[in-house]
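Asker:
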Amino acid sequence: MTMQKVLLLSFALLSQAIPAKAQLWLELGARAGFHFNGMFNDNISKDPQHDYSLGHALASGLVAGLNIGDYHGINVELIFANNQQQFNFRGSDSISNGSFVNRVNWKTTELNLLYRYYSDFGAYLEIGPKIAYVREIRQRLGIDPVALNGEYEDSYLAGIFGIGGFLAANETLTLKIGLRADYALADLVSAKGKADNYPAFYTTYPTQKPTRPYRIGISLELNFGVGGVASAQCGSRNLMFGTRYR
0 MTMQKVLLLS
10 FALLSQAIPA
20 KAQLWLELGA
30 RAGFHFNGMF
40 NDNISKDPQH
50 DYSLGHALAS
60 GLVAGLNIGD
70 YHGINVELIF
80 ANNQQQFNFR
90 GSDSISNGSF
100 VNRVNWKTTE
110 LNLLYRYYSD
120 FGAYLEIGPK
130 IAYVREIRQR
140 LGIDPVALNG
150 EYEDSYLAGI
160 FGIGGFLAAN
170 ETLTLKIGLR
180 ADYALADLVS
190 AKGKADNYPA
200 FYTTYPTQKP
210 TRPYRIGISL
220 ELNFGVGGVA
230 SAQCGSRNLM
240 FGTRYR
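Numbering that gives the first Met the number 0 puts the sequence shown at residues 0 to 245.
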């Protein structure tokens, strides 16, 4: 399924789930978070000569949220993220083959389309697709850079699931905290890269397995209500800790 079809299907499902006469209001804001991330390849994970190291990175960006009534919302997000994965490789003979670190770093610009369900207790649940566009990707074996030429895809599709809630709110601003995970639905390695056994091109496996980026982390989101309806609704939300502002 293409990315365009996924977005169209997401819009169609969201339109069916939203009440037709619900009150609408808009929020604009920013979010930033700290994440653990990497790329999962089943061959490498089961290879006794490889050890996985969990990467960590920052992600931040802009948010536009359309709220529909008290319980539903649609968020469109533009996120800029740094990602990394490190594999520690131990040769079968450390004297002849050597041991080294295989490190992959990639930067992405991401477009998220999320449905949010808000509860009466100041918490929310979110789910939706993400399209990640790879702006830059670098790979090193130890301190030596790897010359890349089309071994990785320019973009990939991922699914997002998260939970969160309201920390603070007044008549115009809301502060939310969230725990979010995403996992790629497509392979980051291109057909050319698969033929050369990337990202572990220095070894071989009997079959090729996909390499899927993932991320899990915690974020803060600050939103500003646009218009009179938004100002009235921002302060009426329940908080996870304490009572509503109004």
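For glycine and all other residues, C-beta sits at the position ideal for the given N, C-alpha and C.
All figures in this text were calculated on a predicted structure; none of them were measured in a lab.
Ignore the nearest five residues each way along the sequence and tell me which others in R137's own chain have a CB closer than 6 Å to its CB.
Answerer: Along the sequence shown, read from residue 1 onward, the residue named residue 137 stands at position 138. Once the five neighbours on either side are set aside, the close Cβ partners of R137 are N104.
Asker: Using CA coordinates, which residue listed in G127, Q84 and N66 is at the minimum distance from Y117?
Answerer: Translated into positions along the sequence shown, residue 117 becomes position 118. Minimum Cα distance to Y117 is reached at N66.
Asker: Go through its chain and collect everything with a Cβ distance to F99's Cβ below 7 Å, but skip five positions before and after it.
Answerer: Residue numbering aside, residue 99 sits at position 100 when the sequence shown is read from its first letter. Hits under 7 Å: F88, L140 and G141.
Asker: Determine the direct distance from the alpha carbon of F160 to that of L221, and round the result to whole angstroms.
Answerer: Position 222 of the sequence shown, counted from the first residue, corresponds to residue 221. Position 161 of the sequence shown, counted from the first residue, corresponds to residue 160. Taking the straight line joining both Cα atoms gives about 19 Å.
Asker: For S44, which three-state DSSP category applies?
Answerer: As a first step, residue 44 is located in the sequence shown; it is residue number 45 there, counting from the start. S44: helix per DSSP, three-state reduction.
Asker: Tell me the start and end of each unbroken beta strand (DSSP E) in the stretch 153–240 that is at least 3 residues and wholly inside, in chain order.
Answerer: Entirely contained in the stretch 153–240, the beta strand (DSSP E) runs reaching 3 residues are, in chain order, 154–168, 172–183 and 210–225.
Asker: How far does the beta strand (DSSP E) with V145 in it extend, from its first residue to its last?
Answerer: Position 146 of the sequence shown, counting from 1, holds the residue named residue 145. Note, V145: premise wrong, no beta strand (DSSP E); not H, not E.
Asker: What number of angstroms, rounded off, separates the C-alpha of A168 from the C-alpha of L174?
Answerer: On the sequence shown, residue 168 is found 169 positions in, with the first residue counted as 1. On the sequence shown, residue 174 is found 175 positions in, with the first residue counted as 1. Each residue's Cα considered, the two are about 6 Å apart.
Asker: With a CB to CB cut of under 7 Å and the five nearest residues on each side skipped, what residues in its chain are close to L147?
Answerer: Within the sequence shown, residue 147 is the residue found at index 148, counting from 1. Closer than 7 Å at Cβ, skipping near neighbours: I136 and Q138.
Asker: Roughly how many whole angstroms lie between the Cα atoms of V145 and Y204?
Answerer: Locating residue 145 in the sequence shown gives position 146, where the first residue counts as 1. Locating residue 204 in the sequence shown gives position 205, where the first residue counts as 1. Cα-Cα distance, rounded: 20 Å.
Asker: Have a look at L53, A157 and N74 and flag the residue whose alpha-carbon is nearest the alpha-carbon of L112.
Answerer: Start at 1 with the first residue of the sequence shown, and residue 112 comes out as number 113. Checked all of L53, A157 and N74; the closest Cα to L112 is N74.
Asker: Can you name, in chain order, every residue of its own chain whose Cβ lies under 8 Å from the Cβ of F79, other than the five neighbours on each side?
Answerer: Position 80 of the sequence shown, counting from 1, holds the residue named residue 79. Contacts found: A58, S59, G60, K106, T107, T108 and E109.
Asker: Near S52, which residues of its chain fall below 6 Å by C-beta distance, leaving aside the five closest residues on each side in sequence?
Answerer: In the sequence shown, residue 52 corresponds to position 53, counting from 1. Within the same chain, S52 has close Cβ partners Q85.
Asker: Let me make sure I understand the geometry here. Which of Y151, V225, G90 and L172 has the alpha-carbon closest to that of P198?
Answerer: What you label residue 198 is simply residue 199 of the sequence shown in a count that begins at 1. When only C-alpha atoms are compared, the closest one is Y151.
Asker: Here's a check: name, in chain order, each residue in its chain whose Cβ is nearer than 6 Å to the Cβ of N36, leaving out the five neighbours to either side.
Answerer: Looking up residue 36 in the sequence shown gives position 37. Hits under 6 Å: G54, A56, N82 and R214.
Asker: Who are the near neighbours of N40 in its chain, counting only those whose CB is closer than 6 Å to its CB and skipping five residues on each side?
Answerer: As a working mapping, residue 40 is identified with position 41 in the sequence shown. Answer for N40: K208 and T210, listed in chain order.
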